[in-house]
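S.K.: Chains C and B, in that order, are what the protein sequence lines are.
Under the working numbering, the first residue of the first sequence is numbered 11, with each subsequent residue one higher.
Under the working numbering, the first residue of the second sequence is numbered 506, with each subsequent residue one higher.
We treat Cβ as the ideally placed atom computed from N, Cα and C, and that holds for glycine.
The structure is given below, and queries will be raised subsequently.
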Amino acid sequence: MKIELNKNKDFWAGLMLIIIGAGAMFLARDYRFGSALNMGPGFFPSVLGGILFAFGIITMIVGLRSGEKIQGNLSIRAIILLPLSLVLFGILIERVGFVPALTALILVAAAAGRQFKIAEVLPLTALLIVVSIAMFIWGIGLPYSLIKGF
Amino acid sequence: MELYHNLIFGFSVMFSLSNMAYCFIGVLGGTLIGVLPGIGPLPTIAMLLPLTFHVPPVTALILLAGIFYGAAYGGSTTSILVNLPGETSSVVTCIDGYQMALKGRAGPALAIAAVGSFFAGTVGTMIIAAFGPPIAEMALEFGSPEYFSLMLLGLVTAAVLVRGSIVKSLAMMVLGLLFGVVGADVNTGVKRFCFDFFELADGVGFATVAIGVFALSEIISNLSDPETREILVTKVTHLYPTWQDMKQSIAPILRGTVLGAFFGALPGTGQSIASFSSYMMELKLAKDPSRFGQGAIEGVAGPESANNAASQCAFIPTLTLGIPGSATMALILGALTIQGITPGPTVMIEQPALFWGLIASMWVGNLMLVVLNLPLIGIWVKLLKVPYRLLFPAIMVFSSIGIYSMNNLSFDVYLVAIFGILGITLRLLEFSPVPLMLGLVLGPMLEENLRRSLYISDGDPTIFITKPLSLAFIVGTALILIVMATPAVSKQRDKIMK
């Protein structure tokens, strides 16, 4: 009997839990476990890691028996570009300022969609930046420089 | 008499210019975003959450509560007008609400939903005011063992009532608890799971996780969906329900309110179950059940009232016990902790202005919703037509500024990216992120109470079953697990959750 692992939903779900559980137990070795009377910082995470590991095994067995497949779709474009836009925002806001950071964020994020029309995205970028400045810098009074050096 | 004084006090807190203004902003903003297609209440609250950290605690809570009702109301508007439920609890409203809209009766459906919600909200507010203090008083007697067992009960109940596999949602709860461990240990100062990042010493912010797992992963998921759904907005011609509509709705509104209040107050159950059981009840009681699914107004009035009563009463365990029953409540509880308030029964005694002010704001907020939203329905209908490709960049902007502004750390923004990727992975593997959120918020308190209990008992774990109340909670937890694991029940559960 050949078991199809590719796209087996609960196999991967179980594997993920097993890895996280084992990882937590492994890392928690560095923290004192202690006794029940005087629990160390390692007690709670170790126990949780163990439980997660056990749940992982159960889920994996369920997956192997049912063979249910992963159903949803995943846009590779979105899963790369959206986190990337956040990273750019984080880098730029500290080094270059609020406006460049937002510009990068909006342009890269908008590109994650399926229909990217520059004629639509540029006015949107301008609008969102103006609204953000009005709300956050003038309204709430967040102390960020719009563009560093100005 | 005391209740009366407390309520007067609450309204005096509420009727300050800034609190009224924030309640208004919250309700309006919540509805606005709740109406926008593809953004449910949970991502809405997650996204706006960091903004509340810049105002005083009472105001923050009033703002959040306003967003909460507004978003829920916006969700029912989209269910009725375009058949798009913003959240699971308004799925039921879609059934008859959209049918009414197709028959040109969108106006009455929306009006009845608003009136029913307002009535249920008013009753819910009174229930919190009446039952909150005695419950908190009882909870004041709780020691660490009772608290530990109660939290366990709350977490497990919430986890098993989530759609999908029970083992997987329990696993998410444990994962949430594990994320809660990150940071410096309270007792010893040992930095756990920090990987040498000083930014993690205070733990993983729950707002960061919420935005990543709910808002960002939802955007990724929406953009991954290959079908471009053309939204067909039905026309709203006349708004006012007929006398006949009103007469048909009164009993369902009353029944829905009672059901909703009951389910809302139980930790873990909440809105979806409330609105669903109200619908089933109306269906059973109807003289002519065949009208259901064809635009029966009872099918809108009952569930919408139940939904709102439940969302109102969900504040009871959150405020009096410090135990949130849903992900939204977990976010509100987390917002309290960020404000430096330890959630639990002491809130009512130490922060009476917060508790009673919030209760007054609930009522005012519900009133604002009715007064504002019905006339503004034309604007909401226009908003429904805004294409998603213009919306999601805006969500990204507000989320990232909000998160960055919390600690002025770029690291937090990077964490959102990581949790977004985790969130979409969980979605694909069909894990519910809700128990994760609850676990994250309750994790530190759970560990603290566990340690303290065992310290008191000299390391004897039987302390959890020798204290009568604690034993009751543990037995309750065990019963729920056993019942839910029974094949017959779990089949029934899967059917309901569908």
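State the CB to CB distance for the pair Gly849 of chain B and Ile758 of chain B, rounded to an integer number of angstroms; the pair is presumed to be in contact (CB under 8 Å).
M.R.: Not a contact, Cβ separation roughly 34 Å.
S.K.: Between which two residues does the alpha helix (DSSP H) holding Asn511 of chain B run?
M.R.: Note, Asn511 of chain B: alpha helix (DSSP H), Glu507 to Met519.
S.K.: How would you call Thr982 of chain B, buried or exposed, if buried means at least 16 neighbouring beta carbons within 10 angstroms?
M.R.: Under this definition Thr982 of chain B is a buried residue.
S.K.: Enumerate in chain order the residues of its own chain whose CB-to-CB distance from Val109 of chain C is below 7 Å, with the five nearest sequence positions on each side excluded.
M.R.: So the list reads Ile139, Leu156 and Ile157, once near-sequence residues are dropped.
S.K.: Just list the residues that DSSP pairs Ala689 of chain B with in beta bridges.
M.R.: Paired residue(s): B:Lys696.
S.K.: Output needed for Val875 of chain B: all residues of its chain with C-beta closer than 6 Å, excluding positions within five of it in sequence on either side, in chain order.
M.R.: Excluding sequence neighbours, Val875 of chain B sits near Ala619 and Phe623.
S.K.: With 16 other CB atoms within 10 Å as the buried threshold, where does Glu803 of chain B fall?
M.R.: It counts as buried.
S.K.: May I ask you to report which of helix, strand or coil DSSP gives Met11 of chain C?
M.R.: Low confidence applies here, because Met11 of chain C scores a pLDDT of 44, under 50, leaving its location unreliable and the question unanswered by this model.
S.K.: Does DSSP classify Asn18 of chain C as helix, strand or coil?
M.R.: Residue state, collapsed to three classes: strand.
S.K.: Counting contacts by CB-CB distance shorter than 7 Å, is Met911 of chain B in contact with chain C?
M.R.: No, Met911 of chain B lies away from the interface with chain C (no Cβ there is under 7 Å from its Cβ).
S.K.: Can a CB atom of chain B be found closer than 7 Å to the CB of Pro55 of chain C?
M.R.: Yes, because at least one Cβ of chain B sits closer than 7 Å to the Cβ of Pro55 of chain C.
S.K.: For Ile725 of chain B, decide whether its Cβ has a neighbour in chain C, counting only Cβ atoms nearer than 7 Å.
M.R.: Yes, contact with chain C.
S.K.: Of the residues that make up the segment 652-668 of chain B, which ones have a beta carbon closer than 7 Å to any beta carbon in chain C?
M.R.: Here the close residues number zero.
S.K.: Any beta-carbon of chain B closer than 7 Å to the one on Met11 of chain C?
M.R.: For Met11 of chain C, the predicted model reports a pLDDT of 44, less than 50, meaning its position is unreliable and no value from the coordinates is stated.
S.K.: Going along chain C in order, which residues have a C-beta closer than 8 Å to the C-beta of Leu589 of chain B?
M.R.: Within chain C, no residue comes near Leu589 of chain B; the closest Cβ sits about 18 Å away, beyond 8 Å.
S.K.: Could you tell me whether the segment 141-157 of chain C touches the segment 123-132 of chain C, using the rule of 3 or more Cβ pairs below 8 Å?
M.R.: Touching, no.
S.K.: Pull up the distance between the alpha-carbon of Lys474 of chain B and that of Val891 of chain B, whole angstroms please.
M.R.: Absent from the structure is residue 474 of chain B, since the part of chain B shown begins at 506 and ends at 1003.
S.K.: From which residue to which residue does the alpha helix (DSSP H) around Ser782 of chain B run?
M.R.: That run of the alpha helix (DSSP H) goes Gln776 to Leu790.
S.K.: Chain E partners of Ser95 of chain C, CB-CB under 7 Å?
M.R.: This model lacks chain E altogether, as its protein chains are C and B.
S.K.: Am I right that Ala565 of chain B and Gln844 of chain B are in contact with their C-beta atoms under 8 Å? What's the rounded C-beta distance?
M.R.: Right, their Cβ atoms sit about 6 Å apart.
S.K.: For chain B, is any of its Cβ atoms less than 7 Å away from the one on Phe21 of chain C?
M.R.: Closer than 7 Å: no.
S.K.: Which word fits Ala136 of chain C, buried or exposed, when buried means at least 16 other C-beta atoms lie within 10 angstroms of its C-beta?
M.R.: Exposed, by the Cβ-count rule.
S.K.: Using a Cβ-Cβ cut-off of 7 Å, state whether Phe65 of chain C counts as contacting chain B.
M.R.: So yes, Phe65 of chain C belongs to the interface.
S.K.: Where does Lys752 of chain B sit, in a helix, a strand or coil, going by DSSP?
M.R.: DSSP places Lys752 of chain B in helix when its eight states are reduced to three.
S.K.: So, does the CB of Ser163 of chain C fall closer than 7 Å to a CB anywhere in chain B?
M.R.: With chain C covering only 11 through 160, there is no way to say anything about residue 163 of chain C.
S.K.: Name the residues in the segment 914-942 of chain B whose C-beta lies less than 7 Å from a C-beta of chain C; which are they?
M.R.: Within the segment 914-942 of chain B, the residues whose Cβ lies closer than 7 Å to some Cβ of chain C are Ser915, Val918, Tyr919, Val921, Ala922, Gly925, Ile926, Ile929, Arg932, Leu933, Leu934, Glu935 and Phe936, listed in chain order.
S.K.: Just the chain C side, please: which residues come within less than 8 Å of Asp690 of chain B by C-beta, in chain order?
M.R.: Near Asp690 of chain B (Cβ distances below 8 Å), the residues of chain C are Tyr41 and Pro51.
S.K.: If we ignore side chains and look at the alpha-carbon of each, how far apart do Ala858 of chain B and Ser517 of chain B end up?
M.R.: Roughly 9 Å between the two C-alpha positions.
S.K.: When we look at the beta-carbon of Ala34 of chain C and count the other beta-carbons within 10 Å, is it buried (16 or more) or exposed?
M.R.: When all chains shown are included, Ala34 of chain C counts as buried.
S.K.: Taking Leu675 of chain B as the query, report the chain C residues whose CB atoms sit under 8 Å from its CB, ordered along the chain.
M.R.: Near Leu675 of chain B (Cβ distances below 8 Å), the residues of chain C are Phe65.
S.K.: What are the start and end residues of the alpha helix (DSSP H) that includes Gln856 of chain B?
M.R.: Counting along the chain, Gln856 of chain B falls outside any alpha helix (DSSP H), and DSSP gives it neither H nor E.
S.K.: Please list the terminal residues of the continuous alpha helix (DSSP H) segment that includes Glu492 of chain B.
M.R.: Absent from the structure is residue 492 of chain B, since the part of chain B shown begins at 506 and ends at 1003.
S.K.: Would you say Ala862 of chain B reaches chain C, if we count a Cβ-Cβ gap shorter than 7 Å as a contact?
M.R.: Note that residue 862 of chain B corresponds to Gly in the displayed sequence, not to Ala. Cβ-Cβ to chain C under 7 Å: no for Gly862 of chain B.
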